[in-house]
Each structure stands twice: as C-alpha cells, then as structure tokens.
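Top to bottom, those sequences are chains A and B. Under the numbering used here, the first residue of the first sequence is numbered 5, with each subsequent residue one higher. Under the numbering used here, the first residue of the second sequence is numbered 44, with each subsequent residue one higher. Just so you know, even glycine gets a beta-carbon here, dropped at the ideal spot from N, CA and C. Everything on this sheet refers to the single structure shown next.
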Amino acid sequence: GQQVMQIPQYQHVQEGEDFTTYCNSSTTLSNIQWYKQRPGGHPVFLIQLVKSGEVKKQKRLTFQFGEAKKNSSLHITATQTTDVGTYFCAGLHNTDKLIFGTGTRLQVFP
Amino acid sequence: DVKVTQSSRYLVKRTGEKVFLECVQDMDHENMFWYRQDPGLGLRLIYFSYDVKMKEKGDIPEGYSVSREKKERFSLILESASTNQTSMYLCASSSYGYTFGSGTRLTVV
Numbered sequence: 005g006q007q008v009m010q011i012p013q014y015q016h017v018q019e020g021e022d023f024t025t026y027c028n029s030s031t032t033l034s035n036i037q038w039y040k041q042r043p044g045g046h047p048v049f050l051i052q053l054v055k056s057g058e059v060k061k062q063k064r065l066t067f068q069f070g071e072a073k074k075n076s077s078l079h080i081t082a083t084q085t086t087d088v089g090t091y092f093c094a095g096l097h098n099t100d101k102l103i104f105g106t107g108t109r110l111q112v113f114p
Numbered sequence: 044d045v046k047v048t049q050s051s052r053y054l055v056k057r058t059g060e061k062v063f064l065e066c067v068q069d070m071d072h073e074n075m076f077w078y079r080q081d082p083g084l085g086l087r088l089i090y091f092s093y094d095v096k097m098k099e100k101g102d103i104p105e106g107y108s109v110s111r112e113k114k115e116r117f118s119l120i121l122e123s124a125s126t127n128q129t130s131m132y133l134c135a136s137s138s139y140g141y142t143f144g145s146g147t148r149l150t151v152v
C-alpha cells in the first residue's frame, strides 16, 4: 500500500544547531503537508507544498518538495527550545487521503 | 480560527463496552477524519467522511464504525472495546490543511 517513511525517528540537538527531517513516499504525491505536534499537544498544520521542486520558508524553517514529488524535507536553522516537538510530513495521494509519516521527534538542549 | 472539539480528553472504559467518541467542527468543513496515534506508528486513518451520511474506510477500520448525521459532527464508535484499542484518538477536519482536535486518550481495561 501507499507509505510515507520519515527519518530520523529521533533527533537531539544543542540549541543553535541545525535540524533536518526527511520524508519519502513510495508513490508520487499530489501535495505534501507538514505538521508540528508539541509534547502533550495535537498536530498543527504548518505548510503545504504542491509544485515539483517547490521551496517555501517560514522564518527559520525551510520546506522542500522533490522534483519527482516523492520526497520532501524540513530544515530548521539555528534551533531553539521552542522548536521541541514531533514533526510529521503527510502526503496526499490521488485518493485525497492524507498518509502521515511516522514523525521525527526533536529534542533541543539549551 | 477553525475549532475542532473532541468531547473528552481522557476516557477509561472496560473491555466489551460500546464507546462513543464525539467530534464537532465549527467551520462548515465537508471533510472530517478520525485517526489513532500510537508510539512508533504515527497517525493511522480509521475512517473519513466527505459529506453528511457519507463514510469511507481508512487504513485500520476494523473494530470501529462512524456516524455523520450532521455536517459539523463526526462520531467514532467502538462497538465492543478491546485493550488493543487503547490509544490517542484524533479527529480532524479540513479545507486546506487539517485542523486537529485536542485528542481523546482512551484506555480500555
């Protein structure tokens, strides 16, 4: 079936270091979305990418959608303790059903 | 802001009980979803609905059913709760991105 794999599963960084999480789909995606879930909270929508090769930025966060529309990445520059949480990618396939990745849990040490 | 409200934050039920999880959204969204979230497994889609009285099975529908009698309300039903249904249940509605409710942590004992 359709799968979205996300790596790494966990990442611990020192405050100020950069962080990247990667997302790969077994099939071509219509679009990809990214969510952040703080500890004890629920996933919150961050952004959606639709076009092949698209790059979007939100302050220190940079999102990329691969040329083949099968992979994506989220890069955080100079992490802060407020970045702590689990980051999920979610790919939309032709069925209009979002398939979530397993998430990357980010821990930032001050 | 879109608000998705789940009726209970925490629930403890006994094996074999019938359990209702309620979800209400206030932005007239047509699409609503039920996920469960388990450590290491991410979010898995149980059921979804694109319209009133319409429902579609997700990836793990076994042991669950849903009801969508009104556009704003999407209910998840565990016909006979089992211990392997202990989980965090998340409801979402969508137009652009998904808006999730705060979740219901269900424990089946």
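| Buried versus exposed, by CB contacts within 10 Å (16 or more), N75 of chain A | Looking up residue 75 of chain A in the first sequence gives position 71. Under this definition N75 of chain A is a buried residue.
| said: For T81 of chain A, which residues in the same chain have their Cβ closer than 6 Å to its Cβ, ignoring the five residues on either side in sequence? | reply: Translated into positions along the first sequence, residue 81 of chain A becomes position 77. These residues qualify, in order along the chain: D22 and R64.
| request: Reducing DSSP to helix, strand and coil, say where N127 of chain B ends up. | output: Translated into the one-based positions of the second sequence, residue 127 of chain B becomes position 84. Helix, per DSSP.
| Runs of beta strand (DSSP E) wholly within the region 87-113 of chain B (minimum 3 residues, chain order) | Runs found: 107-113.
| request: Could you pull the start and end residues of the beta strand (DSSP E) that T25 of chain A belongs to? | output: Here residue 25 of chain A refers to the residue found at position 21 of the first sequence. Residues F23 to S29.
| query | Skipping 5 residues on each side, what residues in its chain have a beta carbon closer than 7 Å to that of S108 of chain B? | reply | The residue you call residue 108 of chain B lines up with position 65 of the second sequence. The answer, listed in chain order, is I120 and E122.
| query | Just the Cα atoms here: how many angstroms apart are G176 of chain B and K96 of chain B? | reply | Residue 176 of chain B lies beyond the residue range present for chain B, which begins at 44 and ends at 152; the question has no answer from this structure.
| Can you tell me whether M75 of chain B is buried or exposed, with buried defined as 16 or more other CB within 10 angstroms of its CB? | By one-based count along the second sequence, residue 75 of chain B stands at place 32. So M75 of chain B ends up on the buried side.
| field | Proximal residues of chain A, C-beta to C-beta of G146 of chain B below 8 Å | value | One-based indexing of the second sequence puts residue 146 of chain B at position 103. Within chain A, the residues near G146 of chain B are H46.
| request: Would you mind reading off the limits of the beta strand (DSSP E) that contains R64 of chain A? | output: As a working note, residue 64 of chain A is residue 60 in the first sequence. Under the DSSP assignment, R64 of chain A falls outside any beta strand (DSSP E); it carries neither an H nor an E label.
| said: For I51 of chain A and G146 of chain B, I'd like the C-alpha separation in whole angstroms. | reply: Locating residue 51 of chain A in the first sequence gives position 47, counting from the first residue. Locating residue 146 of chain B in the second sequence gives position 103, counting from the first residue. Approximately 21 Å between the Cα atoms of the pair.
| query | Out of A:H16, A:G107 and A:L96, which has the shortest C-alpha to C-alpha gap to Q69 of chain A? | reply | For the purposes of this step, residue 69 of chain A is identified with residue 65 of the first sequence, where counting begins at 1. Residue 69 of chain A is actually Phe in this sequence, not Gln. Of A:H16, A:G107 and A:L96, the residue nearest in Cα terms is A:L96.
| task | Using beta-carbon positions only, say whether G44 of chain A and T83 of chain A come within less than 8 Å of one another. | result | Residue mapping note: residue 44 of chain A aligns to position 40 of the first sequence, counting from 1. Residue mapping note: residue 83 of chain A aligns to position 79 of the first sequence, counting from 1. For the pair G44 of chain A and T83 of chain A, the CB atoms are not nearer than the 8 Å cut-off.
| field | Boundaries (first-last residue) of the beta strand (DSSP E) holding A94 of chain A | value | Against the first sequence, residue 94 of chain A aligns to sequence position 90. Element bounds for A94 of chain A: G89 to L96.
| field | chain A contacts made by the region 76-95 of chain B, where a contact means CB separation under 9 Å | value | The region 76-95 of chain B vs chain A, Cβ under 9 Å: F76, Y78, Q80, G83, L84, G85, L86, R87, L88, F91 and Y93.
| said: I want to verify the contact list: residues of chain B whose CB lies under 7 Å from the CB of G107 of chain A, in sequence order. | reply: Counting from one through the first sequence, the residue named residue 107 of chain A turns up at place 103. Those within 7 Å of G107 of chain A in chain B are G85.
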